[in-house]
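Trainee: This is the structure I have questions about; it appears just below.
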Amino acid sequence: MRLPAPSRIAFRQLAALSLASLASFLGGWSWIEGPQSTFDTQGPVAKSQLDVFYTTVWVTGIIFVVVAGVLTYATLKFRARNESDAHAEPPAQSHGNPFIELGLIAASVFALVIIAVPTLRAIWYTYDVPEAEKANAYEVNATGLQWWFRFDYPSEGLDNSGHLVTGNELVIPANRPVRINLRTADVIHSFWVPKLAGKVDMLPNRGNHLWLQADQPGYFWGQCAEFCGEDHAVMRFRVIALEAKDFAEWVAQQKQPARTVATNLTAEPLRIQPASLTFKRNAPGWSQEFDLNPLENWKQKQFPEKDENPALIAHGRKLFQEKSCISCHTVRGHEGVGTTAPDLTHVGARTTIAGGLLENNEANLRRWIIDPNNVKPGNKMYVGVPLGASVMPGYMLRDAKTGHLTPNIKIDNSEGAALAAYLLSLK
Amino acid sequence: MDTIAPASLPTHEAPAAEKRPWIFTRPTAKTGLISWLTTVDHKRVGLMYGFSALFFFLVGGFEALLIRIQLAVPNNTFLQHQTYNELFTMHATTMIFLAVMPLSAAFFNYIMPLQIGARDVAFPRLNGFAFWVFLAGAIILNVGWFIKAGSPDIGWFGYAPLTSKAYSSQFAGDISTDLWVMGLQILGVSSVVGSLNFIVTIINLRAPGMTMMRLPVFTWMTLITAFLIILSFPAITIALVELMMDRNFDTGFFEISKGGLPILWQHLFWVFGHPEVYILILPAMGIISEILPTFSRKPLFGYPIVVFSGACIGFLGFGVWSHHMFTTGMGAVATAAFSLATMAIAVPTGVKIFNWIGTLWGGHLKMTTPMMFALGFIWMFMMGGFSGVMHAAAPADAQQQDSYFVVAHFHYVLIGGSVFALLAGIHYWFPLIFGRTVSEFWGKLSFWVIFVGFNTTFFPMHFLGLNGMPRRTAVYDGNMGWNSPNFIATIGAFILGIGIAIYFVTMVYTLFKGPKAARDPWDGRTLEWALPNPPPEYNFAVTPSVHARDAFWYEKHHRDEIAREKIQHARSESEHGGIHMPSQSWFPLLTAIGMLVGSLFLANHNYLGAISGGGLTILGAYLWSPKAQAATTCTPNLTPTAKTPTPSTELPLIFLFPLSLYLSPSSSPPIPPTPTPSIGIKTKD
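First to last, the protein sequences are chains R and W. Going by my numbering, the first sequence opens with residue 70, and the numbers climb by one from there. Going by my numbering, the second sequence opens with residue 20, and the numbers climb by one from there.
Have a look at this one:
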């Protein structure tokens, strides 16, 4: 990205300042500085889009001041001030002035040209990776599903077959253009990481793409931006940008099959009775400690938990089969082979679960596993996945005709704890 | 005003009614329920449109308040996700199709014929039919609240494939989407027949001398809006038929598993949907263009350019639909083209604002409540227009699309624009319609509370959107920086609600207890103010002659000339049989009930029932056609008189039912001849 000229910096700062002063007057900087702020751009695509936005703000802002000034003046100056004023002889019945009108039309056209030129330039720039950098671009596939995101790395082949697949957290190399092919498995979704790039939709039966680049390593919030059904509001994801070296390490680690803590499945399974958890519907799944340094916390997550209990993990692994989790989820190297749900091979190394909704920790895992419908009403793990005319059962068995639900999988608190321990061990 | 006293006109004795089978007896009640159910009077139809629209406006507002309560704090549990989705779907559908459009239609119906000096619309029964069909559509859309299937939850835009059987239903018997499809389809019928009626009326029923370039701007905007409706609704009609086929008969227009193209839905929807935006705002601009000159006491600045820019907006409005789809990956060229076209539409829109300010310039501004709303309209519409230009720049829109920035934008143009103008219009024409004066104190108070509440609600949403909050989300986390703007917006929504409540209570009080209004209370400029309030059934005792734009203003300044002319017209009119008004009829209602029944059965996938509903519709149309051969002769002292029955000559028309709606005349000879050699005056024939 070209270095901005000094005048452009001043222009941008001034625009930011005027918006920000208004915002801070109303409630502080947080109004435009959230994790999904479009002002706090971290890459060239978002920056180019913000520049166009500032151009429109400037042009319309100046017009607003002029027109609003004239309107205010006219309103105050020609106002009838008293009864006799209001009933005076009517003013001259003038019908207009073509020169003023044509002049104003010309001025409006001129103002729009000022906006149109940078707009056109940015349309082509943001549409695809610039020619010069095409060879250097890293390619990823993102697929939207009700209500989570799957990420495929076509260039990261696995030893036996296929390629690397993750869910809900997209890890990319920083400082390098990333071209993301956008697909959907069901309805329309939209891929939006505001700090890196504006959104592009994922359309059925139609390939789509966007490109973005993170200028620095970082942890970014993203969210589905096209209404996609019941849980659209909680269809979220993260993008983690890493230095080239860290990224290579991460890829190498991810290509490994799932980590195995204990193989002794014949031992008497350990049943623990953890304090039961009660979560209100929609209770927040994030923590301030995490938000203070998200990237550092993400890195910590790559290492095994300190207090692992091998017996409990082994029990969890067994339950993972018994409760038929394996028919939808994959744990590469372990038992799971399903593809309709997120790949859990390295789920313990992710910072979020449940489609980016909950921070990935023991309590949240248990909350999600025991009562998924409370976390994400109507989710497919709970109500089942429609397959043609029939429905693959989830926690509930759904009658295809009436839609009536009967319980199918039941997971109690103790089983939830074992499953959580197992999943957290999958680094 | 110099009118001829009704008594000075000879009354016309009509022949006594013949004995007829009961089904052919004509309803003649002038008061009571039956008079409303059978009415064909454009003013009564207008009032029914108005009252229904205001009812649904309150329903939609209530839905909005529930939405705002849910969003007041992060992770709220006030509503289920599902309920929230139903609420935002129905809020939008209700406000667009059941509140703002019919409220505009109410003004088209009531005010437009008065402004052109007509006694009714061209097809009075078709007019009644349009209203009853509208009510049928409204019932179908809202019936979901009372049944197990629930209300539609697919968004007002109904993007495929979310509307397909695979995704729109929690269980197989979910007919909420079918109800939405049928409801919109039926509303389309209402809008199209209504619009054809308005176009024919404006082109054919203008008073002598009312040339096109003398038409009041509101009537001009009615004409343009009507053209937009008849040209844009076919697109959504086709899309809805295709969707209905997909859902009922397993076709594959949008069905992904059959290789259908969901993007096709978006194109069809927005080819309708963008002109729809102008369908909502052009009538509002027309109202503002009436109010500003009246209270500035000078003519509209640059009348021709205001009219032409309205038409220009209408044309360009058909070439910008894909700016709703900038994020669908249309490719750089298409994106650039639609981006530039959208910017171009800002020019005629800006021109209107310049001309409104030019109208104020040098006037004597009377700061009445309608004037306050009109000025508020200019301010708010300007804000909404500027954020509109921001979306037009496609790269900026990539961040704004489907975020709260867009929500802020269109509420600025639809509330700050359309609704402010409609509220201004109600206040402005209230003395004419109901003959009572609305309190200025309560009117102004309601304006300020609405103005403050509106801005408190929607201004923070700009920041929410730019801070990354997507639309249509039932919950959000507390760590995103969205808490305080959301909370402020919710407070604002309640202030706005209080403002609307003050407005409505004031209006209802005035309706029953308000002081009687004097004739022409605002020193009006257009013909409707020439009438007594409320206007009589036949509107004009004597068809006026128009000598200038702002016809009534001219009359008031040329009293002697006009008085002479009126006496002459009155004589010539009475020599030719007096005033002829169309007779009342049950059949528009019956035909509409047939459509209601048929649609409900079709939504429920019960084809036998659907066919019987269709049969009822055809029966209604059949009975309507022969009945049409009659007219009421009506004298200015309002004595209803009997009519001449004629045998049916239009039986073949039943085979062409849809066509028959447009072709079947609503009343028949005797034809009063045009009083003067005139430009384009036609009577119903």
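Where a beta carbon is used, it is the ideal one built from N, C-alpha and C, also for glycine.
Less than 7 Å between C-beta atoms, sequence neighbours within five positions excluded: which residues of the same chain meet that for A500/R?
Mentor: As displayed, chain R neither begins before 70 nor continues past 496, which places residue 500/R out of reach and without an answer.
Trainee: When we look at the beta-carbon of L493/R and count the other beta-carbons within 10 Å, is it buried (16 or more) or exposed?
Mentor: Translated into positions along the first sequence, residue 493/R becomes position 424. L493/R comes out buried.
Trainee: As a quick exercise: from L214/R, V247/R and W355/R, pick the residue whose alpha carbon is nearest that of A204/R.
Mentor: Position 135 of the first sequence, counting from 1, holds the residue named residue 204/R. That would be V247/R, whose Cα lies nearest to the Cα of A204/R.
Trainee: Show which residues of chain R have a CB atom less than 7 Å away from the CB atom of P540/W.
Mentor: Taking the second sequence and counting its residues from 1, the one referred to as residue 540/W is at position 521. What P540/W touches in chain R: nothing, since even the nearest Cβ is about 13 Å away.
Trainee: Does K268/R come within less than 8 Å of chain W when only Cβ atoms are used?
Mentor: On the first sequence, position 199 is the one that residue 268/R refers to. By this cut-off, K268/R is an interface position.
Trainee: In whole angstroms, what separates the C-alpha of A157/R from that of F429/W?
Mentor: Taking the first sequence and counting its residues from 1, one reaches residue 157/R at position 88. Taking the second sequence and counting its residues from 1, one reaches residue 429/W at position 410. If you take the alpha carbons of A157/R and F429/W, they lie about 40 Å apart.
Trainee: Within this structure, are the beta carbons of V219/W and F320/W separated by less than 8 Å?
Mentor: Here residue 219/W refers to the residue found at position 200 when the second sequence is read from its first residue. Here residue 320/W refers to the residue found at position 301 when the second sequence is read from its first residue. No, the Cβ-Cβ distance between V219/W and F320/W is not below 8 Å.
Trainee: When you check each C-beta in the stretch 346-362 of chain W against every C-beta of chain R, which residues fall closer than 7 Å?
Mentor: Of all residues in the stretch 346-362 of chain W, T346, T347, G348, A351, T354, A355, S358, L359 and M362 have a Cβ within less than 7 Å of some Cβ in chain R.
Trainee: Rounded to whole angstroms, what is the Cα-Cα separation between A302/R and F424/W?
Mentor: In the first sequence, the residue the question calls residue 302/R occupies position 233. In the second sequence, the residue the question calls residue 424/W occupies position 405. Going from the Cα of A302/R to the Cα of F424/W covers about 17 Å.
Trainee: Does the Cβ of E312/R have 16 or more other Cβ atoms within 10 Å, making it buried, or fewer, making it exposed?
Mentor: As a first step, residue 312/R is located in the first sequence; it is residue number 243 there, counting from the start. With fewer than 16 Cβ atoms within 10 Å of its Cβ, E312/R is classed as exposed.
Trainee: When the Cβ atoms of the stretch 297-310 of chain W are set against those of the stretch 234-253 of chain W, are three or more pairs found closer than 8 Å?
Mentor: Cβ pair count under 8 Å is three or more, so yes.
Trainee: What span of residues does the alpha helix (DSSP H) with S591/W cover, start to end?
Mentor: Your numbering for residue 591/W matches position 572 in the second sequence. Start and end: R578 to E594.
Trainee: I'd like to know whether the C-beta of C394/R is nearer than 8 Å to at least one C-beta of chain W.
Mentor: Start at 1 with the first residue of the first sequence, and residue 394/R comes out as number 325. C394/R does not count as touching chain W.
Trainee: What residue does the alpha helix (DSSP H) around K368/R start on, and which one ends it?
Mentor: In the first sequence, counting from the first residue as 1, residue 368/R sits at position 299. First-last of the alpha helix (DSSP H) with K368/R: P363 to K370.
Trainee: In or out: Q285/W buried (at least 16 other Cβ within 10 Å) or exposed?
Mentor: For this step, residue 285/W is matched to residue 266 along the second sequence. Burial call: buried.
Trainee: If we define contact as Cβ-Cβ less than 8 Å, is S483/R a contact residue for chain W?
Mentor: As a first step, residue 483/R must be located in the first sequence, where it is residue number 414. So no, S483/R is outside the interface.
Trainee: Judging by CA-CA distance, which residue of S163/R, A383/R and I183/R is the nearest neighbour of R316/W?
Mentor: Within the second sequence, numbered from 1, the residue matching residue 316/W stands at position 297. Selected option, being the one with the closest Cα: S163/R.
Trainee: Taking the C-alpha atoms as reference points, what is the distance between G138/R and L145/R?
Mentor: As a first step, residue 138/R is located in the first sequence; it is residue number 69 there, counting from the start. As a first step, residue 145/R is located in the first sequence; it is residue number 76 there, counting from the start. One C-alpha to the other measures close to 11 Å.
Trainee: Report yes if the C-beta distance between R350/R and N443/R is below 8 Å; otherwise report no.
Mentor: Start at 1 with the first residue of the first sequence, and residue 350/R comes out as number 281. Start at 1 with the first residue of the first sequence, and residue 443/R comes out as number 374. Cβ atoms of R350/R and N443/R: closer than 8 Å.
Trainee: Starting from Q215/R, trace the alpha helix (DSSP H) both ways and give me its first and last residue.
Mentor: Taking the first sequence and counting its residues from 1, the one referred to as residue 215/R is at position 146. Here Q215/R belongs to no alpha helix (DSSP H), and DSSP marks it neither H nor E.
Trainee: Measure the C-alpha to C-alpha separation of G291/R and F148/W and round it to an integer number of angstroms.
Mentor: On the first sequence, residue 291/R is found 222 positions in, with the first residue counted as 1. On the second sequence, residue 148/W is found 129 positions in, with the first residue counted as 1. Their Cα atoms are separated by approximately 50 Å.
Trainee: For F268/W, which of S183/W, A330/W and L224/W has the nearest alpha-carbon?
Mentor: Along the second sequence, one-based indexing puts residue 268/W at 249. The shortest Cα separation from F268/W among S183/W, A330/W and L224/W belongs to S183/W.
Trainee: Using a C-beta cutoff of 8 Å, does F237/W count as contacting chain A?
Mentor: Considering every chain present, this structure includes no chain A. Its protein chains are R and W.
Trainee: Please state the DSSP three-state secondary structure of M488/W.
Mentor: Position 469 of the second sequence holds residue 488/W. DSSP places M488/W in coil when its eight states are reduced to three.
Trainee: Go ahead and label D376/R buried or exposed: buried means 16 or more other beta carbons lie within 10 angstroms of its beta carbon, across all protein chains shown.
Mentor: Here residue 376/R is taken as the residue at index 307 of the first sequence, counted from 1. D376/R is exposed by the Cβ-count criterion.
Trainee: Answer yes or no: do I275/W and N237/R have a C-beta to C-beta separation smaller than 8 Å?
Mentor: Within the second sequence, the letter at position 256 stands for residue 275/W. Within the first sequence, the letter at position 168 stands for residue 237/R. No.
Trainee: Which residues, in chain order, does the stretch 216-248 of chain R contribute to contact with chain W at a C-beta distance below 9 Å?
Mentor: Residues: none.
Trainee: List the residues of chain W whose Cβ lies closer than 9 Å to the Cβ of R275/R, in chain order.
Mentor: Taking the first residue of the first sequence as 1, we reach residue 275/R at position 206. What R275/R touches in chain W: L280, P281, I282, T347 and G348.
Trainee: Tell me, please, whether the CB atom of Q89/W is closer than 8 Å to any CB atom in chain R?
Mentor: Start at 1 with the first residue of the second sequence, and residue 89/W comes out as number 70. No, no contact with chain R.
Trainee: Between which two residues does the beta strand (DSSP E) containing E391/R stretch?
Mentor: On the first sequence, position 322 is the one that residue 391/R refers to. Element bounds for E391/R: not the beta strand (DSSP E) but the alpha helix (DSSP H), P379 to E391.
Trainee: Strictly by DSSP, which residues pair up with P104/R?
Mentor: Indexing the first sequence from 1 puts residue 104/R at position 35. According to DSSP, P104/R bridges with nothing at all.
Trainee: If Y297/W sits next to I248/W, beta carbons under 8 Å apart, how far is it from one beta carbon to the other, in whole angstroms?
Mentor: Here residue 297/W is taken as the residue at index 278 of the second sequence, counted from 1. Here residue 248/W is taken as the residue at index 229 of the second sequence, counted from 1. Their Cβ separation, rounded to whole angstroms, is 10 Å, which puts Y297/W and I248/W out of contact at 8 Å.
Trainee: At the level of alpha carbons, what is the spacing between V457/W and M67/W?
Mentor: Counted from its first residue, the second sequence places residue 457/W at position 438. Counted from its first residue, the second sequence places residue 67/W at position 48. Roughly 20 Å separates the two Cα atoms.
Trainee: Please say whether V616/W and L638/W have beta carbons closer to each other than 8 Å?
Mentor: Looking up residue 638/W in the second sequence gives position 619. Looking up residue 616/W in the second sequence gives position 597. The answer is no: Cβ separation not under 8 Å.
Trainee: Could you pull the start and end residues of the beta strand (DSSP E) that I248/W belongs to?
Mentor: As a first step, residue 248/W is located in the second sequence; it is residue number 229 there, counting from the start. Looking at the DSSP string, I248/W is not in any beta strand (DSSP E); the run it does join, the alpha helix (DSSP H), is V236 to F268.
Trainee: Using a Cβ-Cβ cut-off of less than 9 Å, give me the residues of the stretch 379-408 of chain R that come near chain W, in sequence order.
Mentor: Going along the stretch 379-408 of chain R in chain order, one finds no residue with a Cβ nearer than 9 Å to chain W.
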